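What follows is a set of notes on a single structure, which appears directly below.
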Amino acid sequence: MDEQNDIDVFRISPLIRLTLMVLYIALTFPLPFLAETTEAPVPSSALWVGLGIGAIALTGVLSERVVLDQTGITVSYAPWISWLLRRSWTLPWADVVALKPRSTGQGGLVYYFLNQAGQGFLLPMRVVGFNRLVQRVQKQTGIDTRDVIPLAQPWMYLILLGFSGLLLLVDLWVIVVALGPGELA
1049 MDEQNDIDVF RISPLIRLTL MVLYIALTFP LPFLAETTEA PVPSSALWVG LGIGAIALTG
1109 VLSERVVLDQ TGITVSYAPW ISWLLRRSWT LPWADVVALK PRSTGQGGLV YYFLNQAGQG
1169 FLLPMRVVGF NRLVQRVQKQ TGIDTRDVIP LAQPWMYLIL LGFSGLLLLV DLWVIVVALG
1229 PGELA
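Using the working numbering, read the sequence shown as starting at 1049 and increasing by one per residue.
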């Protein structure tokens, strides 16, 4: 927190960024090799370009940052990608009337700020310092946030990271088999 200006900046957790990047690589990296080996109608060079664009887009989405100051909350993205995402928003504290929970399809809870016009703004939950964020929201709005917890806990991302790493090892084995004749030694 910047004591002079009373500004807090929260970024997406490095664990979450790493997990999602490893999962992306594990799911997509073998595709150009398999396209080459199977003589697919899509050239492997086109797949490499697509994978590069996808990695850049994922990096942009994971650049989300949340800024809390005396006037309100702002969610934004890196300038190089924000023109494309257009999901940035600012909500003055004076306009916040409630923090409402909503069920997800998987049975979890997400929270939305409601403004005076009834519009909903998703509370960012995958940031480092989430507890500090909700304490600051409570301080600024007077809304009780004691029951607000993140949608996913760190151990869930650690498990996903572990399985993504295993998938990546299988991918490497598939690539070695696809590119070279014979068996692995």
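We treat Cβ as the ideally placed atom computed from N, Cα and C, and that holds for glycine.
No experiment lies behind these values; they were computed from the predicted model shown.
Alpha-carbon to alpha-carbon, residue j and residue i
i, j, result
"V1123", "L1075", "29 Å"
"D1056", "L1099", "34 Å"
"P1172", "I1073", "25 Å"
"F1058", "I1121", "11 Å"
"S1092", "G1210", "28 Å"
"I1197", "A1142", "23 Å"
"T1152", "V1225", "41 Å"
"G1177", "Q1154", "24 Å"
"P1127", "V1114", "14 Å"
"Q1164", "V1145", "6 Å"
"S1212", "Q1201", "17 Å"
"L1068", "S1136", "21 Å"
"L1079", "L1095", "7 Å"
Identified DSSP bridge partners for residue i
i, result
"F1161", "L1147, F1169"
"W1137", "V1123"
"L1116", "D1056, I1121"
Residue i (DSSP reduced to helix, strand or coil)
i, result
"D1056", "strand"
"A1233", "With a pLDDT of 45 at A1233, under the threshold of 50, the modelled position of this residue cannot be trusted; read the value that follows with caution. DSSP places A1233 in coil when its eight states are reduced to three."
"D1050", "Only weak support exists for where D1050 lies, its pLDDT of 45 falling under 50; the coordinates are left without a value."
"V1196", "coil"
"V1175", "strand"
"P1089", "coil"
"F1077", "coil"
"G1098", "helix"
"L1110", "coil"
"Q1188", "helix"
"T1152", "coil"
"L1220", "helix"
"Q1201", "coil"
Best match in the options for proximity to residue i [C-alpha to C-alpha]
i, options, result
"V1109", "Y1160, V1090, S1130", "S1130"
"L1162", "L1079, P1140, R1134", "P1140"
"V1222", "I1060, A1094, T1086", "T1086"
Counting pairs of beta carbons, one from the stretch 1189-1201 and one from the stretch 1144-1160, are three or more of them closer than 8 Å? Cβ pair count under 8 Å is three or more, so yes.
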